[in-house]
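Enquirer: Once you've had a glance at the structure underneath, I'll fire off some questions.
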Amino acid sequence: MDKSLDNRELVITEIYPSIQGESSFAGRPCSFIRLTGCPLRCRWCDTAYGFAGGTKYSVESVVQEIKSLGINLVEITGGEPLAQENCLLLMQALIDEEFEVICETSGSECIETVPEGVTLIMDLKCPGSGMVEKNLWKNIEYLKPKDEIKFVIADRADFDWTVDICHEYQLLARHQVLVSVAFGQLNPATLVEWILESELPLRLNLQQHKYIWSPRKKGV
Ligand code: SF4
Numbered sequence: 000m001d002k003s004l005d006n007r008e009l010v011i012t013e014i015y016p017s018i019q020g021e022s023s024f025a026g027r028p029c030s031f032i033r034l035t036g037c038p039l040r041c042r043w044c045d046t047a048y049g050f051a052g053g054t055k056y057s058v059e060s061v062v063q064e065i066k067s068l069g070i071n072l073v074e075i076t077g078g079e080p081l082a083q084e085n086c087l088l089l090m091q092a093l094i095d096e097e098f099e100v101i102c103e104t105s106g107s108e109c110i111e112t113v114p115e116g117v118t119l120i121m122d123l124k125c126p127g128s129g130m131v132e133k134n135l136w137k138n139i140e141y142l143k144p145k146d147e148i149k150f151v152i153a154d155r156a157d158f159d160w161t162v163d164i165c166h167e168y169q170l171l172a173r174h175q176v177l178v179s180v181a182f183g184q185l186n187p188a189t190l191v192e193w194i195l196e197s198e199l200p201l202r203l204n205l206q207q208h209k210y211i212w213s214p215r216k217k218g219v
């Protein structure tokens, strides 16, 4: 371990082992690192408890804690993890230790400097989130083929917008595109109907942890 990582700090809301609930990694055991803070305020945000507070950790101490959990897959999430500069050091440190690293980002921070080995799950914020103007469209150029794009759908207008964006940026030819419901606002069965109607290879992305445990439960 690089000794300089002893004094590079991150503010973290929680670190915990669970099952990955989303993306093409769904169902796999996974350690989660939730970084504190987010510059966005999506209307349907389910992690507002991570906007403030948190505990300071050195990058090295996070890596040691993840090692102690004994799970190869690690997700860095938030909040918006890329809003903390030292997140990039954490990603590289975990890759150097041969972890498989996923990062969930809102797509509002530039991803250009994210280490090559990281798989990004990048949101594109639909109009229903109230944050559509925060999408950093240039990020689409920096995505690697293995990176996945997620749309959280609150209503039919969000779904139609998603389809338009997939066509405009040719996303389906290059990436796994995930579509989720804004939990409690749209029935998953309705989203399935829309996916089938569209005849597009969209992947339904249910947040499995919200069906296994209470939707409000933290640390799962
Ligand atoms: S980007 Fe994520 S953490 Fe930030 S407000 Fe939106 S849903 Fe919540």
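The sequence shown begins at 0 in numbering that gives the first Met the number 0 and counts up one residue at a time.
All C-beta atoms, glycine included, are put in the ideal place defined by N, C-alpha and C.
1. Whole angstroms are fine: how far does the CA of residue 63 sit from the CA of residue 154?
2. So, at 6 Å on beta carbons, what are the nonlocal neighbours of residue 72 in its own chain, with the 5 sequence-adjacent residues on each side left out?
3. Report the partner residues of residue 55 according to the DSSP bridge assignment.
4. Alpha helix (DSSP H) containing residue 89: first to last residue?
5. Which residues in the same chain as residue 170 place their Cβ atom closer than 8 Å to its Cβ, once the five residues preceding and following it in sequence are excluded?
6. Compute the distance between the beta-carbons of residue 57 and residue 93, then report whether it is under 8 Å.
7. Report the residue from 192, 37, 45, 151 whose alpha carbon sits nearest the alpha carbon of residue 217.
8. Output the boundary residues of the alpha helix (DSSP H) element that contains residue 165.
9. By a C-beta neighbour count over all protein chains shown, 10 Å radius and 16 as the cutoff for buried, is residue 190 buried or exposed?
10. Just to confirm, does residue 40 get its C-beta within under 7 Å of one of the non-hydrogen atoms of the ligand SF4?
11. Just to confirm the assignment, what range does the alpha helix (DSSP H) spanning residue 79 have?
12. What residue range does the beta strand (DSSP E) around residue 149 cover?
13. Answer with buried or exposed for residue 66, where buried requires no fewer than 16 other C-beta atoms within 10 angstroms of its C-beta.
Expert: On the basis of the supplied data:
1. Each residue's alpha carbon lies about 42 Å from the other.
2. Once the five neighbours on either side are set aside, the close Cβ partners of residue 72 are 27, 29, 99.
3. The partner list for residue 55 (beta bridge, DSSP) reads 10.
4. Where residue 89 is concerned, the enclosing alpha helix (DSSP H) stretches over 86-95.
5. Only 139, 148, 164, 176 meet the Cβ criterion.
6. In this structure, residue 57 sits away from residue 93, with a CB-CB distance that is not shorter than 8 Å.
7. With distances taken between Cα atoms, residue 217 lies closest to 45.
8. Element bounds for residue 165: 155-167.
9. With 16 or more Cβ atoms within 10 Å of its Cβ, residue 190 is classed as buried.
10. Flag set: Cβ of residue 40 near the ligand SF4.
11. Taken as a continuous stretch (DSSP letters only), residue 79 belongs to no alpha helix (DSSP H), as it is neither H nor E.
12. Following the DSSP letters along the chain, one finds residue 149 inside the beta strand (DSSP E) bounded by residues 147-152.
13. Answer is exposed; the Cβ neighbour count stays below 16.
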